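In the numbering used here, the protein residues as written are 547 to 768.
The beta carbon of each residue, even a glycine, is placed where N, CA and C say it ideally should be.
Here the structure is a predicted model, which means the values were calculated and not measured.
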Amino acid sequence: MSAGSRISGAGWIPLLLAAIAGAAHAQEQQWPTLAPLALEADPERGARIAYTCTGCHGVPSYQNVYPTYHVPKVWGQNADYIEIALQAYRRGSRFHQTMQAQAASLSDQDIADIAAYFAERGEESPERGSSAASAAQIDAGQRRATSCVPCHGEAGIAQSSQWPDLAGQHASYLEQALKQYRRGFRSSMVMAPLVASLDDEALAELAAYYAAQRGLTSFGGE
Ligand code: HEC
Ligand code: HEC
Numbered sequence: 547m548s549a550g551s552r553i554s555g556a557g558w559i560p561l562l563l564a565a566i567a568g569a570a571h572a573q574e575q576q577w578p579t580l581a582p583l584a585l586e587a588d589p590e591r592g593a594r595i596a597y598t599c600t601g602c603h604g605v606p607s608y609q610n611v612y613p614t615y616h617v618p619k620v621w622g623q624n625a626d627y628i629e630i631a632l633q634a635y636r637r638g639s640r641f642h643q644t645m646q647a648q649a650a651s652l653s654d655q656d657i658a659d660i661a662a663y664f665a666e667r668g669e670e671s672p673e674r675g676s677s678a679a680s681a682a683q684i685d686a687g688q689r690r691a692t693s694c695v696p697c698h699g700e701a702g703i704a705q706s707s708q709w710p711d712l713a714g715q716h717a718s719y720l721e722q723a724l725k726q727y728r729r730g731f732r733s734s735m736v737m738a739p740l741v742a743s744l745d746d747e748a749l750a751e752l753a754a755y756y757a758a759q760r761g762l763t764s765f766g767g768e
């Protein structure tokens, strides 16, 4: 995506073309599967390095713009999944300009320490995610979620630490993530086929269901 990131104010067409080229490139290129780092981690050091990250991730109402969606909650998330996510941004197989820039300078040890810090759930009691969904959408999402249970659990707490918890995540972020898999902008051999045939309404219902569960927290504290 380096071509895309150099374009500024030149209109959306070149940007769009660069984005499509980037996505196609990501799909063509067979990235090796990422694994957790298996390093001894120091969550206290992680808290110090992650200080700048709280400016976005620690502010419950913070939104990404274009497209607009809530910055994901990361506290209480599974350490192995966070390690995989940060490695994906760092090597460029997961696209997001800010996050790619944030991850670019992190060493493996930094990533392991930050993941250990985020994974500590902190003092706060588990929250729901922000959402504007109706009770009917949440119910419909629960019915649809039967195919997700083997990995993401009955109520969005994952069965393996390499898979993300969805419980309590912001609905707009979950919806965005699902659309990214469907469009091929976020590559996952597991998730892409699962969402390929789902329409926007189905994705919104699934997001509504998981956001309504209690799980991830907005800020882990000190
Ligand atoms: C300017 C705001 C901003 C800052 C600063 C920021 N992030 Fe992010 N982060 C985001 C957004 C927006 C996303 C969602 C991107 C996407 O859609 O892939 C994200 C995604 C993530 C994810 C993936 C979450 C998931 O559920 O897959 C992790 C992990 C993460 N950030 C960690 C960090 C760390 C560690 C730092 C500091 C080194 C950091 N972020 C700094 C905005 C920010
Ligand atoms: C076979 C296991 C499996 C099944 C079944 C599964 N998922 Fe996933 N899911 C994963 C994995 C692995 C990832 C992380 C992929 C990546 O690195 O981007 C993921 C990621 C996600 C994310 C992104 C979370 C984040 O924090 O960014 C969402 C949302 C999601 N899945 C929703 C669903 C829904 C909804 C279903 C059912 C329709 C489902 N998943 C079924 C394994 C699974």
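The region 576-606 contains no complete beta strand (DSSP E) run of 3 or more residues. In the DSSP annotation of this structure, the continuous segment of the alpha helix (DSSP H) that includes residue 695 starts and ends at 695-698. Inter-residue distance for residue 597 and residue 647 is about 16 angstroms (C-alpha atoms, whole angstroms).
Taking a 10 Å sphere around the C-beta of residue 721, we find 16 or more other C-beta atoms and assign the residue as buried. In the structure shown, residue 755 adopts helical secondary structure according to DSSP, grouped into three states. Secondary structure note for residue 687: its alpha helix (DSSP H) is the uninterrupted segment 681-690.
In this structure, the alpha-carbon of residue 748 lies about 21 angstroms from that of residue 760. DSSP places residue 635 in the helix class (H, G or I) of the three-state scheme. Each of 637, 678, 719, 715 was checked against the Cα of residue 651, and the nearest Cα belongs to 637. Rounded to the nearest whole angstrom, the C-alpha separation of residue 740 and residue 691 is 11 angstroms. The beta-carbon distance between residue 713 and residue 756, rounded to whole angstroms, is 6 angstroms. This is short enough to meet the 8 angstroms contact definition. Judged by beta-carbon spacing, residue 717 lies within the 7 angstroms limit of residue 753, meaning their Cβ atoms are closer than that value.
For the pair of segments examined, the region 659-667 was found to touch the region 587-606: the number of CB pairs separated by less than 8 angstroms reaches three. For residue 663, the uninterrupted alpha helix (DSSP H) run begins and ends at 654-665, by DSSP. The C-alpha of residue 706 is placed about 15 angstroms away from the C-alpha of residue 583.
Of the residues 734, 736, 587, 719, the one whose Cα lies closest to the Cα of residue 609 is 719. If you look at residue 722, you'll find it in the alpha helix (DSSP H) that goes 717-729.
DSSP, reduced to helix, strand and coil, places residue 608 outside both helices and strands of the structure shown, so it counts as coil. Residue 649 is positioned such that its CB atom lies closer than 7 angstroms to that of residue 635. Each of 673, 612, 639 was checked against the Cα of residue 606, and the nearest Cα belongs to 673. Going by DSSP, residue 735 is part of no alpha helix (DSSP H) at all; its letter is neither H nor E.
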